[in-house]
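Novice:
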Amino acid sequence: MQASGAAIKALMQRTLDTDDDSRRRRQELRELENIAIQARMFGGGGQEVDDARDKAESDRKPPPAPAAQYGRAVSISAEATRKPAAAVRVEKGILQIGDVSCPVRMTARPELVPDVVFVNIPQHVGILKNMLLDWSLGHHLLLVGNQGVGKNKLTDRLLGLLQCEREYIQLHRDTTVQSLTLAPSLKGGVVVWEDSPLLRAVKAGRCLVVDEADKAPLEVVCVLKALAEDGELSLPDGRTVVRADDTRFANAPEDEVVRMSRVFRLFVLANRPGYPFMGNDFFKVCGDVFSCHVVDNPDIASEVELLASVGPDVPKARIIQLSLLFAELRELVESGQLAYPYSTRELVKLVSHAQQFPRDALEEVAAGVFAFDVADAKKRKPILEVLQRHGIATTAHGVRLLEGHRSQGNMSLRLDEQRDKSKDVTNPDNANGESPPDMAAGGPKHGEWDGQEHIGGNRFAGGSGGTGTAGLGGRWGPYRLDVGQKLVQVSEDKKQGLDEATKRKAQQMADEAYRKRLAEMKMSLKDGEAYAALREQVTTQIQEMKVCLESQVAREHERQWLKNQTVGELDESRLVDGITGCKTVYMRRGEPEGELFGRSQQHPKRLTFVMDISGSMYTFNRIDRRLQRLQEVAAFIFESFAGFEDKYDYRMVGHSGTGPEAERLVEWGRPPRSDKERLEICKSMEAHAQFCYPGDHTLEATSRAIAELGRQTADERFLLVVSDADLQRYNIDVRQWNQILHKDPAIKAYVILISNNVDEAERIKATLAPGRAHICAETASLAVTFKQIFKDSMLPHCNFSALAVEDS
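Residue 32 in the UniProt record's numbering is what sits at position 32 of the sequence shown, and the numbering runs on without skipping anything.
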């Protein structure tokens, strides 16, 4: 007891120390703000401000990441320290997993009992134990997890251990209540409606496994929920499914009711909602009537054990390397940089490949999984960076392959690991010609242009594999020139055969051409570097935001069943037509030409960004870099919405003491298209903040933006006000601001506070309506903030929302 009291006192003391540090930091911030005001208004104080700037910069630097974040698992120390998997055994008709036991069933149809290959890794055995506990209590089970984490495997393993007969159905967007309960068949030229797997399981007391439940439409969800919660279901043929012990139907004729067996169970499998699986939030609506189990990818120790059983001959070091690679890819998914959650399923495929083809290099093993994803320019960079960190050679466009040769006969392509010399692989068919000659006497040049394709040589521009001219894949041309020519890559060995003077001249020509190009864009080299630096600060956030926007676009391009097809699946509604000889009785999934469906967007979503470019942004920038963060926010907006102009149209205005619309930075339908235009907007924000009149027009700017946005035709309307939270200085009433934000119910208005003045920002957030204000002290949290706003309001709600309202 004394020890506990001492611990409590120590905890209280640490809390007091933390509060003291926080108060001390706020006091320092106020002092630094006063110094900055004096420096701007009266001059002087430059050294103090510089010191404050350096200190603030030092305080904001994130702590260094621990070295070898993933390397700690290389030794798999957890393998020696983790708890062993619980024992799984069946003795005398009793299944026991750890300390949980349950009788197994006596099966009449053993062919319906699943029998799968399963590895008893600790994490999966733990899930099986929890599932068995809920099974013994008579609950229906819901398993939620990403694709490929083992939901079907776990279900089949438990049913196999329990010797329980299984019926299986898989749902999709076009599943109907009729197809869920009755299955048509053709017997003797007559359409006969037979019981579906659901009804067979209900009557015989089997376990019904419902896969892809998150894809089901609303009416099908109602069926599953009613079945699990009430044990009652009306069938299209007039019969009613009822519990066997329901006294209301004790005397009902047998042809009017279907009595549910007391041992009937439901196993429902669902993916997590959202992109990229496009699933609905099944748990949100039906989770209360199921015992829910979340299935995630195994931890590294369990995963290595699983992979070792899949590839017993694969070196353990390679298995660990692949497991760590996927662990980092999953971290990128959690942070929002990637959308597809690489699961154990893909990892098992890689190890199976390595087991069957032990001579294949790691690059070849990985290419089978990542080749498709790296073809997408938006996903390529983060994936390639992870692959490189884990020892997989890559090129600028994908996984690096080995030098190979294709025979002209019937022999297959041979990739020789000992002859790995090439950076990029090319295969020019019938590329007859001479090898590139040495550099001509005149040195590198642009080259002549004749509009023809050239391979090799040193005369024409726009060729491939040449020497000294502008083109692609050659030896020390002055710069690259892509005119759509076929790419022939000269080896690095041949590139090194030129003297240093020629290389320097080529580099000088490249620099001169680059400056000329920037001059055409009216950008200096310094300007280009300035915008690149801004964009670099929010590169990760831009990628996360694009993934969020892609999820919205993807929902509108979902496929549907195309009927009246000559190939595909048999359309049960056209069985009679098939008897008469009609050939178009099939259906298949696809996108109708010229038609969008799902939630088709007729008008763009319109967003107005109101940026605070008042004098305080410039004044305090040397302290907390708020103006720089504002410019980073602008770059984040420009880059994130680039490519989505047909779906999202935005306007950006800036307010200050000069007026509520002191600067119209971006007008409707005219987003900045080039780095030059984007940088000009960022520069104009900085210049205005430096020379604007004192004062603040936050309320007027918000009111005017709402009025302008309300006049626009739009699918949805959003207002985002970016402020430095410096309202108290100008005696602005936050409650009045809150009323203005709710002025038009059709406009969803939000405030993003980017100041380090945490006290003032928290006060504003507490005064505004819940969910309307977000604090972004660092640009690193930008994407998270925008995604939260879009998740709550912009992304279309799933069709389960109506059901959720009814339940409430």
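For every residue, glycine included, the Cβ atom is placed at its ideal position computed from N, Cα and C.
Is the stretch 231-245 close to the stretch 290-309, with three or more CB pairs under 8 Å?
Specialist: No, the stretch 231-245 does not touch the stretch 290-309.
Novice: Can you give, in chain order, each stretch of the alpha helix (DSSP H) that sits fully within the stretch 83-163 and has at least 4 residues?
Specialist: Taking only runs of at least 4 residues, the alpha helix (DSSP H) segments lying wholly in the stretch 83-163 are 122-136, 151-162.
Novice: Whose C-beta lies closer than 6 Å to the C-beta of Glu661 among residues of the same chain, with five residues either side of it excluded?
Specialist: Contacts found: Val653.
Novice: With Thr608 as the anchor, note down where its beta strand (DSSP E) starts and where it stops.
Specialist: Taken as a continuous stretch (DSSP letters only), the beta strand (DSSP E) holding Thr608 covers 605-612.
Novice: Cα separation between Val88 and Val113?
Specialist: Using only the alpha carbons, I get a separation of about 18 Å.
Novice: Using only the alpha-carbon positions, how far apart do Gly568 and Gln163 sit?
Specialist: Near 35 Å, if we compare the C-alpha coordinates of Gln163 and Gly568.
Novice: Tell me whether the beta-carbon of Val125 lies closer than 8 Å to the beta-carbon of Leu180.
Specialist: No. Outside cutoff.
Novice: Output needed for Pro184: all residues of its chain with C-beta closer than 8 Å, excluding positions within five of it in sequence on either side, in chain order.
Specialist: Hits under 8 Å: Val191, Val192, Trp193, Glu194, Glu572, Leu575.
Novice: Along the chain, where does the alpha helix (DSSP H) that runs through Ile681 open and close?
Specialist: Start and end: 675-691.
Novice: Which residue wins for smallest C-alpha separation from Gly189, given the options Asp612, Asp577, Pro745?
Specialist: Out of Asp612, Asp577, Pro745, Asp577 has the C-alpha closest to the C-alpha of Gly189.
Novice: Report yes or no: do the stretch 660-680 and the stretch 713-730 share at least 3 C-beta pairs separated by less than 8 Å?
Specialist: These segments do not touch.
Novice: Hey, how far is the Cα of Val759 from the Cα of Ile706?
Specialist: First, the amino acid is wrong: residue 759 is Asp here, not Val. So the alpha carbons of these two residues sit roughly 28 Å apart.
Novice: Assuming Ala689 contacts Ile754 (C-beta within less than 8 Å), just tell me the rounded distance between them.
Specialist: So it is not a contact: roughly 13 Å between Cβ atoms.
Novice: Count the other CB atoms, across all protein chains shown, that sit within 10 Å of the CB of residue 814; report buried if there are 16 or more and exposed otherwise.
Specialist: Because the chain is modelled from 1 through 808, residue 814 falls outside the range shown and cannot be assessed.
Novice: Give the C-beta separation of Gly148 and Glu346 to the nearest angstrom, bearing in mind that I take them to be a contact with Cβ-Cβ under 8 Å.
Specialist: Rounded, the Cβ-Cβ distance is 6 Å, consistent with contact.
Novice: Along the chain, where does the alpha helix (DSSP H) that runs through Leu709 open and close?
Specialist: Where Leu709 is concerned, the enclosing alpha helix (DSSP H) stretches over 698-710.
Novice: Output the distance between the C-alpha atoms of Gly311 and Val369, rounded to the nearest integer angstrom.
Specialist: Between Gly311 and Val369, the C-alpha separation is close to 17 Å.
Novice: Could you check the C-alpha separation between Gln543 and Leu198 for me, to the nearest Å?
Specialist: When rounded, the distance between both Cα atoms is 43 Å.
Novice: Go ahead and pull the three-state DSSP assignment for Cys776.
Specialist: Coil.
Novice: Going by alpha carbons, who is nearest to residue 826 out of Ala216, Leu133, Ala701, Phe636?
Specialist: With the chain running from 1 to 808 in the structure shown, residue 826 is simply not present.
Novice: Kindly indicate which three-state DSSP category Asp299 falls into: helix, strand or coil?
Specialist: Of the three classes helix, strand and coil, the one that applies to Asp299 here is coil, per DSSP.
Novice: Could you please give the first and the last residue of the uninterrupted beta strand (DSSP E) stretch that includes Pro184?
Specialist: Unbroken beta strand (DSSP E) run through Pro184: 182-187.
Novice: Please report how far the alpha carbon of Gln788 lies from the alpha carbon of Lys215, in whole angstroms.
Specialist: Rounded to whole angstroms, Gln788 to Lys215 spans 23 Å at the Cα level.
Novice: For Asp733, count neighbouring C-beta atoms within 10 Å of its own C-beta (all shown protein chains included) and say buried if the count is 16 or more, exposed if not.
Specialist: The residue in question, Asp733, is exposed, as its Cβ has fewer than 16 Cβ neighbours within 10 Å.
Novice: Three-state secondary structure (DSSP) at Tyr730?
Specialist: Looking at Tyr730 - three-state DSSP - the assignment turns out to be helix.
Novice: Beta-carbon within less than 6 Å of Leu269's beta-carbon, same chain only, minus the 5 sequence neighbours each way: which residues are those?
Specialist: Answer for Leu269: Leu143, Lys151, Asp211, listed in chain order.
Novice: To the nearest angstrom, how far is it from the Cα of Val117 to the Cα of Ala201?
Specialist: Taking the straight line joining both Cα atoms gives about 24 Å.
Novice: Which residue from Ile94, Leu607, Met587, Ala634 puts its Cα closest to that of Tyr531?
Specialist: Answer by Cα proximity: Ala634.
Novice: Cβ atoms of Arg262 and Val242: under 8 Å apart, would you say?
Specialist: Cβ atoms of Val242 and Arg262: not closer than 8 Å.
Novice: Rounded to whole angstroms, what is the Cα-Cα separation between Gln355 and Lys316?
Specialist: Cα to Cα, Gln355 sits roughly 12 Å from Lys316.
Novice: Just the C-alpha distance for Ser309 and Val285, rounded to the nearest angstrom, thanks.
Specialist: So the alpha carbons of these two residues sit roughly 39 Å apart.
Novice: Here's a check: name, in chain order, each residue in its chain whose Cβ is nearer than 7 Å to the Cβ of Thr713, leaving out the five neighbours to either side.
Specialist: The residues are His603.
Novice: Classify Gly404 as helix, strand or coil using the three-state DSSP reduction.
Specialist: At Gly404 the pLDDT is 42, less than 50, meaning the model places this residue with poor confidence; the figure from the coordinates comes in the next sentence. If DSSP states are grouped into helix, strand and coil, Gly404 belongs with the strands.
Novice: Since Thr767 contacts Asn738 with CB under 8 Å, what's their CB separation in whole angstroms?
Specialist: Contact flag correct, Cβ pair sits at about 6 Å.
Novice: Bridge partners for Asp195 per DSSP, in chain order?
Specialist: According to DSSP, which records beta bridges pairwise, Asp195 is partnered with Leu182.
Novice: In three-state terms, what does DSSP make of Val653?
Specialist: Of the three classes helix, strand and coil, the one that applies to Val653 here is strand, per DSSP.
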